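These notes are about the structure you will find just below.
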Amino acid sequence: MKKLILMSLVLLCSTVYAQKIVENEVDDFTKKSIKRTSWEKLFYEMKGTIYFRISKIDSNCYFEIKLMNGSVFSVDEGPKIMFKLSNDSIYTLNNLKYTITNIGEGSIGLNGSGAQGIFLSCVSLTDNKFNDLLDEKVTKIRIYTNSGYLEYDIKPKFAITISNAINLINL
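Residues in the sequence shown are numbered from 3 upward in steps of one, following this note's numbering.
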């Protein structure tokens, strides 16, 4: 019995969480190829939480963000999300549609499902492959809202997940 419990603990402790492809299929009706990564943390502190994933539909790539920070705001359509990269260059994403915060929109599970949040779907203004984000690490993110902007410093451990997601989606 002790060996069984010990073996179970070893197996539980040795499991490693890894970013992965959670959807990889061809839609039966539209015949579009759909590929999506798992939701990953981009920022996680008391002043807010940002999750992201990358979706690829046919040849178009989308950077999707879920943000919770406890306030009500909206984001217009257009160039509203900027990344500052480690070489001090700026990479801009285009928000696809006007969006306002709503209860549970920034959550990816039960945690935060009762809080105000927003879901943004963005495309690159220069290309749809996000390859600039592979070469340099993201150090800051700025999201322009209708009442100003939100800015967050991105820790290196979270910046690496962007490169991992891009590599996964480009396979």
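Even glycine gets a Cβ: it sits at the ideal position worked out from N, Cα and C.
Since the structure is predicted, the reported quantities are computational estimates derived from the model, not experimental observations.
8 Å Cβ cutoff, GLY119 in contact with chain D: Going by chain labels, chain D is absent from the structure shown, which holds only one protein chain.
For a test of the three-state rule: what should DSSP assign to CYS15, helix, strand or coil? Reliability of the predicted coordinates at CYS15 is poor, the pLDDT of 44 falling under 50, and no value is obtained from them.
Please name the residue, chosen from LEU44, VAL125 and LYS58, that lies closest to GLU79 on a Cα-to-Cα basis. When each option's Cα is compared against that of GLU79, the closest is VAL125.
Can you have a look at LEU14 and say buried or exposed, based on whether 16 or more other CB atoms are within 10 angstroms of its CB? The pLDDT assigned to LEU14 is 45, lower than 50, so where the model puts this residue is not dependable; a value taken from the coordinates is nonetheless given after this. By the neighbour-count criterion, in which 16 or more other beta carbons inside 10 Å mark a residue as buried, LEU14 falls on the exposed side.
What residue does the beta strand (DSSP E) around LYS82 start on, and which one ends it? Run containing LYS82: 80 to 87, per the beta strand (DSSP E) assignment.
Alpha carbon to alpha carbon, how far is GLY116 from ILE156? Give it in angstroms, no decimals. Across the structure, ILE156 and GLY116 are spaced so that their CA atoms are roughly 25 Å apart.
Verify whether the separation of the beta carbon atoms of THR103 and ILE83 is less than 8 Å. No, they are not a contact pair.
What does the Cβ neighbour count give for THR128, buried or exposed, with the cut at 16 atoms within 10 Å? A residue is called buried when at least 16 other Cβ atoms come within 10 angstroms of its Cβ; THR128 does not meet this threshold and is exposed.
C-alpha gap between TYR154 and TRP41, whole angstroms: Straight-line Cα distance between these residues: approximately 18 Å.
Under 8 Å, with one C-beta from each stretch per pair, do the region 104 to 111 and the region 129 to 139 reach the 3-pair mark? No: the two stretches stay apart, fewer than three of their Cβ pairs being nearer than 8 Å.
How many Å lie between ASN169 and ALA161 at the Cα? Distance between the alpha carbons of ASN169 and ALA161 is about 13 Å.
ILE1 by DSSP, collapsed to three states: which one? Beyond the ends of the chain as shown, which are 3 and 173, falls residue 1; an answer cannot be given.
Please state if the CB of ILE36 and the CB of GLU47 are separated by a distance shorter than 8 Å. Not in contact: GLU47 and ILE36 (Cβ atoms no closer than 8 Å).
Length of the line joining the Cα atoms of LEU44 and VAL140: Rounded to whole angstroms, LEU44 and VAL140 show a C-alpha spacing of 10 Å.
Does DSSP put SER165 in a helix, a strand or coil? In the structure shown, SER165 sits in a helix (DSSP, three-state: H, G or I).
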